[in-house]
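The structure under discussion appears below in the form of structure tokens.
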Amino acid sequence: MPAIPDRWIPYKACGKVIEGTRLICFKVPLRKKVQAWNKEIKEIWDIPALLEKVPKLGAVIDLTNTARYYDPSELQAAGILHKKILMPGRIIPPEDKVTEFMDTVDEFLGKDCVAVQVKRASLGLSTTEFLIGVHCTHGLNRTGYMVCRYMRDRLGIPAKDAIKKFEKARGYQIERENYVADLLGEKPPPPDVGKDTKIKPLNFRQTTYKRSPLEDDEDINEDQRQRDKYNRYNNRYTSNRNDYDRYNDRRRHSDSFYRRDRSDNDTVWRRRPDSESTSRDYRRD
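Numbering (UniProt numbering), first residue to last: 1 to 285.
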């Protein structure tokens, strides 16, 4: 059974429609059975919940780097168009992926898209009411970068304004500094792979969540996740990992203790009385 992605729970499920667009962004919906056992989850966020939350949704663009989170046939059965664009997290997306995303948005919004016209007619919606949903794992960083690129490059909105509009609608600041720098036309810093991630809600105190060492969501590489699942002490076996760490701590402490200079261990070694001519240490008989 697929695990819940790192840091998925703290984020709000869905944002608002971005001002000046027909785009709405949300975190990835997960299968209900994955969420049902977790007491931290107060509201299930799956495909039915998404359709109820966004009744005017007509299409979804999925930017996660895996196909394990939900079955797109659930969307298609509801008449929702679906486009999958595999995209690793944290690194700046290749230009061909950006172009594919922007072309897909234009296609879904275009009057010449027969599928969209059929979908609009089935819902009784006008052109301006038809919404396109975009998500990655958290609906924030990859999503924010791609949506802001579309707003900047296709809609002619200045980058700073595009970022501000996106963050206001989603309710969080984009966390990846390299994404923001690239959007602004600045030299981006290296990807923050392996570093802690600060969740930045607008007008709220920042919260830091540590990355799992094995990147158990798909932010870095889906192939790496597949290899990691055979590691006995990966994230899915938290109790084993804790036991393993405690065991190593004890071993390190024990090894350090027995490597100490024997003259420091008074329970095993002692000195001759001061009256003796030598102070050489010797073992107790």
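For each residue, glycine too, the CB sits at the ideal point set by N, CA and C.
Inset, instruction - With a cut-off of 8 Å on the beta carbons, I'd call R170 and G124 a contact; round off their distance for me. - result: Here residue 170 refers to the residue found at position 170 when the sequence shown is read from its first residue. Here residue 124 refers to the residue found at position 124 when the sequence shown is read from its first residue. Going by Cβ atoms, the distance from R170 to G124 rounds to 28 Å, so no, they are not a contact pair.
Inset, instruction - Using a threshold of 9 Å, state whether the C-beta atoms of R142 and M87 are closer than that. - result: As a first step, residue 142 is located in the sequence shown; it is residue number 142 there, counting from the start. As a first step, residue 87 is located in the sequence shown; it is residue number 87 there, counting from the start. Taking 9 Å as the Cβ cut-off, R142 and M87 qualify as a contacting pair.
Legend entry - Cα-Cα separation between R68 and I24, rounded to whole angstroms: As a first step, residue 68 must be located in the sequence shown, where it is residue number 68. As a first step, residue 24 must be located in the sequence shown, where it is residue number 24. Their Cα atoms are separated by approximately 22 Å.
Inset, instruction - Reducing DSSP to helix, strand and coil, say where A59 ends up. - result: Here the question's residue 59 lines up with position 59 in the sequence shown. Looking at A59 - three-state DSSP - the assignment turns out to be strand.
Inset, instruction - Compute the Euclidean distance between the alpha carbons of D46 and K33, then round it to the nearest angstrom. - result: The residue labelled residue 46 in the question sits at position 46 within the sequence shown. The residue labelled residue 33 in the question sits at position 33 within the sequence shown. Taking the straight line joining both Cα atoms gives about 10 Å.
Inset, instruction - Would you tell me roughly how many angstroms separate the C-alpha atoms of P190 and M102, rounded to the nearest one? - result: On the sequence shown, position 190 is the one that residue 190 refers to. On the sequence shown, position 102 is the one that residue 102 refers to. If you take the alpha carbons of P190 and M102, they lie about 25 Å apart.
Inset, instruction - Look up G144 in the DSSP assignment and say whether it is helix, strand or coil. - result: Taking the first residue of the sequence shown as position 1, residue 144 is located at position 144. Of the three classes helix, strand and coil, the one that applies to G144 here is helix, per DSSP.
Inset, instruction - Give, in chain order, every unbroken run of the beta strand (DSSP E) that is at least 3 residues long and sits entirely within the stretch 2-48. - result: 14-17, 23-26
Inset, instruction - Leaving out five residues on either side along the sequence, give the residues of the same chain with a beta carbon under 7 Å from the beta carbon of R51. - result: Start at 1 with the first residue of the sequence shown, and residue 51 comes out as number 51. Here residue 51 turns out to be Leu, not Arg, going by the sequence shown. L57, A78.
Inset, instruction - With a threshold of 16 other CB atoms inside 10 Å of the CB of L183, please say whether the residue is buried or exposed. - result: Here residue 183 is taken as the residue at index 183 of the sequence shown, counted from 1. L183 is buried by the Cβ-count criterion.
Inset, instruction - Report whether the distance from the Cβ of K83 to the nearest heavy atom of the ligand HEM is below 8 Å. - result: Summarising the ligand content, the structure contains no ligands, and the ligand HEM is consequently not present.
Inset, instruction - Could you please give the first and the last residue of the uninterrupted alpha helix (DSSP H) stretch that includes V54? - result: The residue labelled residue 54 in the question sits at position 54 within the sequence shown. No alpha helix (DSSP H) holds V54; DSSP gives it neither H nor E.
Inset, instruction - Check whether the Cβ of M146 lies closer than 9 Å to any Cβ atom in chain D. - result: Of the protein chains in the structure, only one exists, and it is not chain D.
Legend entry - Distance between G15 and V134 (C-alpha atoms, nearest Å): In the sequence shown, counting from the first residue as 1, residue 134 sits at position 134. In the sequence shown, counting from the first residue as 1, residue 15 sits at position 15. Those two C-alpha atoms are separated by around 10 Å.
Inset, instruction - Run the CB neighbour count on K187, radius 10 Å, all protein chains shown included, and call it buried at 16 or more, exposed below. - result: The count along the sequence shown starts at 1 and reaches residue 187 at position 187. Exposed, since its Cβ has fewer than 16 Cβ neighbours within 10 Å.
Inset, instruction - Can you check the stretch 72-107 for any beta strand (DSSP E) of at least 3 residues that lies completely inside it and give the ranges in chain order? - result: 81-84
Inset, instruction - Please list, in chain order, all residues of the same chain as I220 whose beta carbon is under 7 Å from its beta carbon, the five residues on each side excluded. - result: As a position in the sequence shown, residue 220 is number 220, starting the count at 1. Summary for I220: the model assigns pLDDT 45, below 50, so the residue's position carries little reliability; its value from the coordinates is reported in the next sentence. P88, G89, R90, V193.
Legend entry - Span of the beta strand (DSSP E) around L131: The residue you call residue 131 lines up with position 131 of the sequence shown. Looking at the DSSP string, the run of the beta strand (DSSP E) that includes L131 is 131-135.
Legend entry - Unbroken alpha helix (DSSP H) run spanning E167, endpoints: Locating residue 167 in the sequence shown gives position 167, counting from the first residue. Its alpha helix (DSSP H) spans residues 159-170.
Inset, instruction - Using the Cα positions of C113 and E107, report the straight-line distance between them to the nearest angstrom. - result: By one-based count along the sequence shown, residue 113 stands at place 113. By one-based count along the sequence shown, residue 107 stands at place 107. One C-alpha to the other measures close to 6 Å.
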